[in-house]
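Before any comments, here is the structure.
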Amino acid sequence: MTAVEFTDVNKWYDNGLHALRDINLSVNTGETVVICGPSGSGKSTLIRTVNALEPIDTGQIAIAGTPVQMMDRRSLRRRVGMVFQSFNLFTHFKVLDNLTLAAEHVAGLDQAAAEARAMQLLDRVGLADQAQKYPGQLSGGQQQRVAIARTLMLDPDVLLFDEPTSALDPEMIAEVLSLMEDLAREGRTMLCVTHEMGFARNVADQIVFMAHGSVIEKAPPAAFFDNP
Ligand code: ADP
Ligand code: ADP
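Using full-length UniProt numbering, you'd call the opening residue of the sequence shown number 1 and step up by one each time.
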């Protein structure tokens, strides 16, 4: 089944820049798609349109058959989770509360249920013992794992990653990539903008190459990396 479908999508920024040009792209359920291409080619814009952080001007984006433009903000948040380069955690809330807030507000879970689920997910990302700390007391790699756990709170259909390791020190990149790899292997549908070519080669089902706002190529990793 098609998890995300772009049909004839175009986007212009207010300054006239044509950021997305005639995008037609299908992502199947359970696929991990890595989006690569030069800086400024539209990768971030592309994934930000999937959860309507960026509006589009023509065409349609559908999540499991439902156009994004027809979904209210709340259902979109439930169905599409996003992980940012800069973590976007609430620094004045404890780690545990960063997870429960979204679930209570967006999904209407009661506090006890939200905390139980949050602890389960923190355990899963290896951070149960950090639940009562503030994000600033954690390393960058740990903060990004918290951010990933937070997106899993609502069990979204699609996970978006916008350069999730670009702000991390080298020694912390591996722990985040390994968590992303686990998610891919368990059959999550993921769209990832990343420069980590090892991840693209080993984990991606498809690699999308963008240039000047267009999708130039979409193919499995074997087509991009000749050497076995
Ligand atoms: P990438 O993620 O591949 O680096 P982006 O999607 O961030 O590319 O940007 C695509 C193009 O759109 C770039 O030329 C960038 O400068 C431009 N751009 C991004 N955001 C805006 C904006 N808010 N207003 C105008 N231009 C933008
Ligand atoms: P990131 O690397 O985290 O995407 P950027 O520096 O590309 O950060 O963009 C920071 C913010 O500025 C984003 O909200 C982006 O949409 C916006 N932006 C990026 N390029 C432009 C541009 N050429 N004109 C106006 N805004 C832009």
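The beta-carbon is built from N, C-alpha and C at its ideal position, and this holds for glycine as well.
- Taking a C-beta distance under 8 Å as the contact criterion, Leu160 and Asn51 qualify as a contact pair.
- Apart from sequence neighbours up to five positions away, the residues of its chain that approach Leu96 with a beta-carbon distance below 8 Å are Glu115, Ala118, Met119, Leu122, Ala131, Gln132, ordered along the chain.
- For the options Gly59, Arg77, Asn24, Ile63, the alpha carbon positioned closest to that of Thr2 is the one of Ile63.
- Its Cα nearest to that of Val80, the residue Cys192 stands out among Ala211, Gly198, Cys192.
- Counting along the chain, the unbroken beta strand (DSSP E) around Gln206 starts and ends at 206-211.
- Taking 7 Å as the cut-off, the C-beta of Ala19 counts as close to a heavy atom of ligand 1.
- Between the alpha carbons of Glu186 and Met180 lies a gap of roughly 10 Å.
- About 5 Å separates the CB atoms of Thr45 and Ala19; that is less than 8 Å, so the two are in contact.
- If you look at Phe161, you'll find it in the beta strand (DSSP E) that goes 158-162.
- Inter-residue distance for Gly30 and Thr189 is about 4 Å (C-alpha atoms, whole angstroms).
- According to DSSP, Leu191 shares a beta bridge with Val33, Leu160.
- Here Thr66 is bridged, per DSSP, to Ile63.
- Distances taken from the Cβ of Asn10 to the heavy atoms of ligand 1 include none shorter than 7 Å.
- With a threshold of 7 Å, the Cβ atom of Ser39 counts as near ligand 1, since some heavy atom of the ligand is closer than that.
- Comparing C-alpha distances from Leu154 to each of Gln144, Ile56, His105, Asn24 shows the shortest one belongs to His105.
- Taking every protein chain shown into account, the CB of Glu196 has 16 or more other CB atoms within 10 angstroms, so this residue is buried.
- Across the set Ala103, Ala167, Ala211, Phe199, the C-alpha of Ala167 shows the shortest separation from the C-alpha of Phe87.
- According to the DSSP assignment, Lys11 belongs to no alpha helix (DSSP H) but to the beta strand (DSSP E) extending over 2-12.
- In summary, Asp162 is buried, with 16 or more beta-carbon neighbours lying within 10 Å of its beta-carbon over all protein chains present.
- A residue is called buried once 16 or more other Cβ atoms fall within 10 Å of its Cβ, and Pro156 is buried on that count.
- In the displayed model, His18 falls within a strand according to three-state DSSP.
- Our two residues, Leu101 and Ala223, have alpha carbons roughly 43 Å apart in a direct line.
- A residue is called buried once 16 or more other Cβ atoms fall within 10 Å of its Cβ, and Ser41 is buried on that count.
- Sequence-distant partners of Asn24 (beyond 5 residues in either direction) whose C-beta falls short of 8 Å from its own C-beta, in its chain, are Phe6, Thr7, Asp8, Val9, Val215.
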